[in-house]
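Worksheet: the structure to be examined is printed underneath.
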Amino acid sequence: MSAREKFIASAKKNKILANKCSYCGHTMLETVNYCEKCFGSKFETIELEGIGKVVTYTIQAVAPEGFEDAGSYAWVVFKVDNAPFRASGFLPRIATPKDLPIGTTVKVTGFDPKHGLLLQKL
Amino acid sequence: MQKSTSKHMTNKVCVLGAGSTKYGKLNESIIEIALNASKDAIESAGITPKDIQAGYISNVFGVVDKQVHMAPVIMSNLGIPNVPGLTIESACGSGSVMFREAYANIAAGFYDCVLALGVEKITHTGTTQSTTLFSYCSDFFYEGGNGASFPGLFASIARVYMTTHKANEEDLAYVAVKNHENGILNPKAHVRKKITVDDVMKSPVVASPLKLYDCCPFSDGASAVILCNEEFAKKSQKPYVEVIGSGRGASPAAVQAREDITTIPSTISAAKQAYKMAGITPKDIDFAEVHDCFTIAEIIDIEDLGFFPKGTAAHAVTEGATRRNGEIPINPSGGLKSKGHPIGATGVGQVVEVFEQFTGKAGERTVKNAETALTHNFGATGASAAVHIFRKVQ
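Below, the structure is given as structure tokens:
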């Protein structure tokens with residue numbers, strides 16, 4: 001199973017898969033192959049709760065192909081709880097900025113081949 | 123980070139000629155567009171194709187006009203099929219990254235004279251497919267694949283900037299108004315139309331908080347320059363411009379991985395190298411062509427390039443500091459916003475503007491008394507960038 005396939009499998013369990021460097025303990029997204037801090041390549045794989053706080057987002061009025069039928073949605077960058085990194089995902093049913101104040105808690109709810117990492121507001 | 127250049131680079135590098143097609147919706151094939159700009163540059167330099175020892179071509183989406191491996195096709199059609207060519211892709215920064223490679227090969231002494239050409243043709247694919255194709259330039263697994271378009275990515279950057287630095291959507295609109303004001307004077311510009319802050323604010327939302335007039339257009343077009351060493355330039359007895367600084371930088375590919383989302387590390391790194399090589403500071407720059415794919419990008423660029431302290435550029439723009447008669451004129455060509463953004467050509471087009479400004483060909487948009495200029499162009503949301511500095515040769 002490739003790194004991305006593992007990441008997707010975890011997302012389907014509402015988790016974010018991360019790599020913890022065996023040398024320095026730095027934690028990164030599972031898709032990173034070498035430690036950003038010490039360049040080590042041995043990791044302990046850990047599954048984090050797919051929960052985090054919204055750092056920024058956009059509401060796509062003009063959607064790329066594959067998202068035309070998604071309704072009004074946001075692409076969201078969120079800081080993953082208990083991890084030093086952020087991730088990004090697809091949050092449906094967001095129409096205006098009032099629907100999504102910065103700092104809102106979001107949760108990973110799955111992975112869709114068409115729309116990517118699925119999120120919902122908590 | 124590049125090493126000290128003094129030990130490695132021995133030849134001064136000069137821009138001897140420059141040419142561009144009009145930017146916009148063009149009917150010709152991508153190869154014909156490329157050849158038109160090439161011929162203009164060759165004529166401008168007063169050379170013939172036999173003087174060209176190598177061709178450097180930047181392009182991203184040649185495949186949608188049924189042509190990849192473009193360099194040999196272009197060289198063949200210039201009558202020099204045995205001259206080596208190379209095609210370089212670095213998303214929207216392809217032109218400047220390619221220019222850097224052409225520059226480095228002249229500086230290192232591999233060639234005396236080369237063609238540096240950028241070209242793009244995409245408008246025939248339509249807005250939806252173009253939006254999708256551009257999204258492939260993102261870190262797709264995290265960005266395009268989760269529904270972010272490029273306006274969306276920069277919108278997310280704008281939201282953080284406006285929250286952190288107390289700027290608002292009207293401040294961003296002033297960038298568009300200023301660049302359209304310049305673009306009206308550029309006969310090659312894609313969108314030659316005066317707009318107001320009100321026009322920007324009332325334009326349709328593309329990806330909140332960015333609206334249509336915050337965004338550059340999808341454009342076709344080509345730009346080309348002839349680069350040579352100083353000896354070649356002097357022998358030509360034609361006006362030329364000297365390249366006095368060059369830098370390249372990189373940033374995390376995905377916005378989510380940037381420590382500070384309101385800055386672009388690749389710009390800072392590339393600018394630092396270019397200033398050091400040129401032996402100057404941002405205060406010595408008389409005008410700059412910067413990467414304003416979206417209004418927020420220009421605000422961030424001019425801070426990262428050192429023209430304004432972090433968090434102050436939006437206010438400076440509204441005060442007119444970046445207009446042609448301002449403290450530091452930015453994008454006298456009209457920038458990507460008004461001149462257009464044929465992504466493979468954009469970085470080269472900026473050099474064409476510098477050449478025209480310094481050789482008396484910029485007409486009404488000439489920046490008075492300018493002698494030193496900077497070009498800045500990046501790929502995607504700034505994952506790759508190049509900065510070059512030029513000096514007018516009297």
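So the sequences go chain by chain: A and B.
Okay, so the first sequence: first residue is 1 according to my numbering, each after it adds one.
Okay, so the second sequence: first residue is 123 according to my numbering, each after it adds one.
Backbone N, C-alpha and C fix where the C-beta goes; we use that ideal spot for every residue, glycine too.
DSSP three-state assignment for residue i, whether helix, strand or coil
i	result
residue 322(B)	helix
residue 302(B)	helix
residue 459(B)	helix
residue 558(B)	With chain B covering 123 to 516 only, the question about residue 558(B) has no answer from this structure.
residue 429(B)	coil
residue 128(B)	Only weak support is given to the placement of residue 128(B): the predicted model assigns it a pLDDT of 48, under 50, and the question is left unresolved by the model.
residue 330(B)	strand
residue 62(A)	coil
residue 123(B)	A caution first: residue 123(B) carries a pLDDT of 47, below 50, which makes its placement in the model too unreliable to give a value.
residue 345(B)	strand
residue 502(B)	coil
residue 92(A)	strand
residue 42(A)	coil
residue 472(B)	helix
residue 494(B)	strand
residue 448(B)	coil
residue 311(B)	coil
residue 120(A)	strand
residue 1(A)	coil
Per-residue contacts from residue i into chain B (C-beta, under 8 Å)
i	result
residue 102(A)	281 and 285
residue 31(A)	263
Residues near residue i by beta carbon distance below 7 Å, same chain, minus five either side
i	result
residue 187(B)	151, 152 and 243
residue 228(B)	133, 135, 236, 349, 350 and 351
residue 173(B)	235
residue 381(B)	none
residue 275(B)	260, 265, 377 and 503
Burial state of residue i, where buried means 16 or more other Cβ atoms lie within 10 Å
i	result
residue 308(B)	buried
residue 122(A)	exposed
residue 421(B)	buried
residue 191(B)	exposed
residue 310(B)	buried
residue 367(B)	buried
residue 479(B)	buried
residue 355(B)	buried
residue 128(B)	Because the pLDDT at residue 128(B) is just 48, under 50, the model does not fix this residue reliably, and the value given afterwards should be weighed accordingly. Residue 128(B) should be labelled exposed.
residue 454(B)	buried
residue 69(A)	exposed
residue 378(B)	buried
residue 93(A)	exposed
Beta-carbon neighbours of residue i, restricted to chain A and to distances below 8 Å
i	result
residue 274(B)	58, 60 and 75
residue 251(B)	65
Proximal residues of chain A, C-beta to C-beta of residue i below 7 Å
i	result
residue 327(B)	61
residue 277(B)	58
residue 257(B)	64
Neighbourhood of residue i by C-beta, 8 Å cutoff - its chain only, sequence neighbours within 5 removed
i	result
residue 476(B)	137, 363, 411, 495, 497 and 512
residue 160(B)	141, 196, 200, 237, 239, 344 and 346
residue 385(B)	422, 425, 426 and 432
residue 165(B)	139 and 141
residue 203(B)	194 and 197
residue 14(A)	49, 50, 107, 108, 109 and 110
residue 483(B)	477
residue 103(A)	53 and 54
Contact list for residue i against chain B, beta-carbon separation under 7 Å
i	result
residue 89(A)	268
residue 93(A)	Chain B residues near residue 93(A): none, gap ~13 Å exceeds 7 Å.
residue 70(A)	269
Nonlocal neighbours in the same chain, by C-beta distance under 6 Å from residue i, ignoring five residues either side
i	result
residue 293(B)	436 and 440
residue 162(B)	141
residue 114(A)	66
residue 393(B)	427 and 509
residue 120(A)	107 and 109
residue 124(B)	Low per-residue confidence applies at residue 124(B): pLDDT is 49, beneath 50, and the placement is therefore not dependable enough to give any value.
residue 126(B)	Legend: pLDDT at residue 126(B) = 47, less than 50; position of this residue unreliable, value from coordinates given subsequently. Cβ within range, chain order: n/a, list empty.
Under 9 Å by beta carbon: chain A residues contacting residue i
i	result
residue 254(B)	64, 65 and 66
residue 271(B)	58, 60, 62, 63, 64, 67 and 75
residue 460(B)	Simply none; closest approach about 20 Å.
Neighbour list for residue i in chain B, Cβ cutoff strictly below 9 Å
i	result
residue 84(A)	Correct list: empty, because the minimum Cβ distance to chain B is about 10 Å.
CB contact below 9 Å: residue i versus chain D
i	result
residue 451(B)	In summary, chain D is missing from the structure at hand, where the protein chains are A and B.
beta-carbon residue i near the ligand NAD non-hydrogen atom, thresh 8 Å
i	result
residue 178(B)	No copy of the ligand NAD occurs in the structure displayed, which carries no ligand at all.
Problem set entry | Interfacial residues, the segment 379-394 of chain B to chain A, with Cβ spacing under 8 Å | 379 and 383
For this session: Would you list, in chain order, the members of the segment 290-312 of chain B that have their beta-carbon closer than 8 Å to a beta-carbon of chain A?
Result: none
For this session: With 8 Å as the C-beta to C-beta threshold (strictly closer), list the residues of the segment 353-379 of chain B near chain A in chain order.
Result: 376, 377, 378 and 379
Problem set entry | Selection of the segment 333-345 of chain B by Cβ proximity to chain A, strictly under 8 Å | none
Problem set entry | Interfacial residues, the segment 110-122 of chain A to chain B, with Cβ spacing under 8 Å | 115, 116 and 117
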